[in-house]
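Residue numbers (our numbering): 1279 to 1476. Each residue gets a CB set at the ideal place from its N, CA and C atoms; glycine is no exception. Please read these numbers as outputs of a predicted model, since none were measured by experiment. The structure appears below as structure tokens.
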Amino acid sequence: MEFLQFDRAWQTLTREEVVTLSGEPPADLDTLQIDYDERRTAHRTIFANKPDHEIDVADAETLSIPRDKAGEVLEHILHKLHLAPLLILPIGKWRPVFDLITNALMENEQWMAIDAEATIELNTRDPLMCEPRDLHLLKEMVNVILRDGEEMQQGISIAAIQSPILVEVEPAGGILLTIGNEGLADEVRAVANVFISD
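This is the structure we're talking about:
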């Protein structure tokens, strides 16, 4: 994984009709939540939210995937659908995300190498570029956020660059997939169904 400059990455995302949830410029926001332009039809799927968390996403499909399997399920979806490269952005800034994850992944050499390079990035939203070989580390990041995270500022968003799919990973809300076409939504459902608990 390596850091990219935020403004250039955001230009790439806006060409794919990605907008902020509030419609304001990213620089004006304390929490950066992303979505597709409302003119674009999108299918939304949620799993691994906390039981007491009220879902406020209209018409979202909810999958009963155990919270401790969420990182694995997301890794399978991203891998099976060849959704790489990916951009990983912090919902807040990187500092609360790194403080949370570094504490839990001290034994993970790949993460510690990123952490060592991240000093100047901690107060930014410069995205991390995630390649297929990084998906296992992404799974670990997701698991830590869902297990140990307590606030939205510790969450991340993931944007596929070559396919219409956005992912929000947030401690209370779990995982929200926003998928830009029905065919891809069907593929995501097929992969996820393997993990659904009765």
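Who does PHE1376 pair with in a DSSP beta bridge?
Bridge partners of PHE1376: none, in fact.
Does ASP1426 come out as helix, strand or coil in the three-state DSSP assignment?
helix
Starting from ALA1438, trace the beta strand (DSSP E) both ways and give me its first and last residue.
Note, ALA1438: beta strand (DSSP E), 1434-1438.
Within 10 Å of its beta-carbon, does ASP1476 have 16 or more other beta-carbons around it, so buried, or fewer, so exposed?
Interpretation of ASP1476 is limited by its pLDDT of 45, a score under 50 that renders its predicted location unreliable; the figure taken from the coordinates is listed afterwards. ASP1476 should be labelled exposed.
Which residue's Cα is closest to the Cα of GLU1409: LEU1364, LYS1417, TRP1372?
Of all alpha-carbon atoms in LEU1364, LYS1417, TRP1372, the one lying nearest the alpha-carbon of GLU1409 is that of LEU1364.
Rounded C-alpha distance that separates LEU1356 from ASP1306
30 Å
Quick check: the Cα distance between GLU1451 and THR1340, rounded to an integer number of angstroms?
In the sequence as displayed, the identity of residue 1451 is Gly instead of Glu. A straight line joining the alpha-carbon of GLY1451 with that of THR1340 spans about 11 Å.
ILE1312: buried (16+ other C-beta within 10 angstroms of its C-beta) or exposed?
buried
Span of the alpha helix (DSSP H), counted from its first residue to its last, around VAL1472:
VAL1472 -> no alpha helix (DSSP H), and no H or E assigned at all.
Please classify GLY1452: does DSSP put it in a helix, a strand, or coil?
Of the three classes helix, strand and coil, the one that applies to GLY1452 here is strand, per DSSP.
Among ASP1464, PRO1368, GLN1283, GLN1289, the one whose alpha carbon lies nearest that of VAL1420:
PRO1368
Just to check my reading of the structure: LYS1403 and LEU1310 have Cβ atoms closer than 8 Å, yes? What is that Cβ distance to the nearest angstrom?
Reading the sequence as shown, one finds Arg at residue 1403 and not Lys. That pair is a contact at about 6 Å.
Name the one or two DSSP bridge partners that HIS1477 has.
For the chain, the structure presents residues 1279 to 1476; residue 1477 sits outside this window and is missing.
Just the C-alpha distance for LEU1361 and ILE1343, rounded to the nearest angstrom, thanks.
21 Å
Coil, strand or helix - ASP1313 by DSSP
strand
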